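In the working numbering, the protein residues as written are -10 to 237.
Right under this line is the structure:
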């Protein structure tokens, strides 16, 4: 089952990565999509192992009704809650670092004035005229020259300090209550508990039939039979799935 679940797990972590990088998606959508994809596998391998070959229609039917059936109990929602805060902090940090990179690239390519260029040449090479190639200019002189050269971007100073403070806050949060590594490591435990919940409650699903509805072996399966005790209040049937074609 682990090999068969590899693709849904891969999609989950891909969605998480895209969310952190700023994609237009949510943690909830990523997690619920994962459990939608996982349910047909759990149903055919653990809940009703007698079904050896699921058709594409039947698999899609299970996937689309997973949220109504809620076979994984509260664990899917709990996983959303546990991941949301940590992933949000990571997303904000990623966006902040990207913004900082853009600002740095912009200031690095700022055009230098003639006065700045002359001051830089004097600071760097004047001692060479006297053969003092190993002597560096004093700190005060360097600061004065750089203040003059960076006067055009000095207005960014206050905003840049606030930006650095924000980065410090986000990194501290991620190292404490919003630890991304711990949140991701907890995914496996959440998935295991969700699968166990579905397995323990599975007999209700497989043992309950609706009057007048045939089992897969007889030809047709209604989702109302499939839902059973898990969702008795639903008033619709899933698409009738024709298994009679598989019968000899």
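Every residue gets a Cβ at the ideal spot worked out from N, C-alpha and C, and that includes glycine.
Given the structure is predicted, the values throughout are model-derived calculations rather than measurements.
Own chain partners of residue i with C-beta closer than 6 angstroms, once the 5 adjacent residues on each side are dropped
i: residue 75; result: 167, 169 and 172
i: residue 11; result: 84
i: residue 231; result: The pLDDT assigned to residue 231 is 34, lower than 50, so where the model puts this residue is not dependable, and the model offers no usable value.
i: residue 4; result: 19
The alpha helix (DSSP H) enclosing residue i, as first and last residue numbers
i: residue 127; result: Here residue 127 belongs to no alpha helix (DSSP H), and DSSP marks it neither H nor E.
i: residue 144; result: Counting along the chain, residue 144 falls outside any alpha helix (DSSP H), and DSSP gives it neither H nor E.
i: residue 104; result: 103 to 118
Contacting residues, own chain, Cβ-Cβ under 7 angstroms from residue i (five flanking each side not counted)
i: residue 96; result: 142
Inter-residue CB distance, residue i and residue j (contact presumed, cutoff 8 angstroms)
i: residue 51; j: residue 28; result: 6 angstroms
i: residue 33; j: residue 21; result: With 8 angstroms as the limit, residue 33 and residue 21 do not qualify as a contact, their Cβ atoms being about 20 angstroms apart.
i: residue 16; j: residue 72; result: 5 angstroms
8 angstroms CB neighbourhood of residue i in its chain, flanking five on each side removed
i: residue 130; result: 112
query = Which runs of the alpha helix (DSSP H) fall wholly inside the segment 5 to 47 and span at least 4 residues, in chain order?
reply = Fully enclosed alpha helix (DSSP H) runs of 4 or longer: 16 to 31.
key: Every unbroken alpha helix (DSSP H) within the segment 44 to 91, with a cutoff of 4 residues, ordered by chain   = Those alpha helix (DSSP H) runs which fall completely within the segment 44 to 91 and span 4+ residues are 45 to 58.
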